[in-house]
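Residue numbers (full-length UniProt numbering): 1 to 164. Where is the CB? At the ideal position from N, CA and C, for every residue including glycine.
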């Protein structure tokens, strides 16, 4: 890779385009790789603000429960994109820390719903506020329209990548 000479960051060597992959998709892959690596590290920091013993993947579960309310473990696993065993282990850890609780599903007495406890809601709220404040700081030089456009495009990407 070379700097493109115009301050636009690295460019992919022209041989890469011979592979039949458009430069836009090579750039997208590179930028998403960096973004996801940084996001994973930031999630680890944020989830430790909820509780020091949590894995970074638990943050997504807390987000989903806070936004959507009680959910079945199978719904959470499908949303996050993990198997039942992984989901069960993560929920057990959250439950042991007093951040989530299980309750019978009123629609199906054989099933259970997972919900945030009041302690989980308070701790998660503090971490989420800190995360949003970080975004505000890091994107302070952006126009609000650009922030809205980024959110729209990420939503479009996430929607397109949902597991069916």
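Assignment of residue 154 by DSSP, reduced to helix, strand and coil, places it in the helix class. Close CB contacts of residue 70 within its chain, under the 6 Å cut and outside five residues either way in sequence, are with 113 and 115 (chain order). Taken through DSSP and simplified to helix, strand or coil, residue 99 comes out as coil.
With the rule of 3 Cβ pairs closer than 8 Å, the stretch 98-114 does not count as touching the stretch 32-41. As computed with DSSP, residue 71 is found in a beta bridge with 114. Using a Cβ distance threshold of 8 Å, residue 79 and residue 64 count as a contacting pair. Here the alpha carbon of residue 58 sits roughly 17 Å from the alpha carbon of residue 118. A direct Cα-Cα distance of roughly 14 Å separates residue 122 from residue 48. By the CB criterion at 8 Å, residue 26 and residue 120 fall outside the cutoff. Shown here, residue 22 sits in coil according to DSSP, grouped into three states, outside any helix or strand.
Less than 8 Å separates the beta-carbon of residue 131 from that of residue 46. Residue 144 and residue 105 do not touch by the CB rule: their CB atoms are close to 41 Å apart, not below 8 Å.
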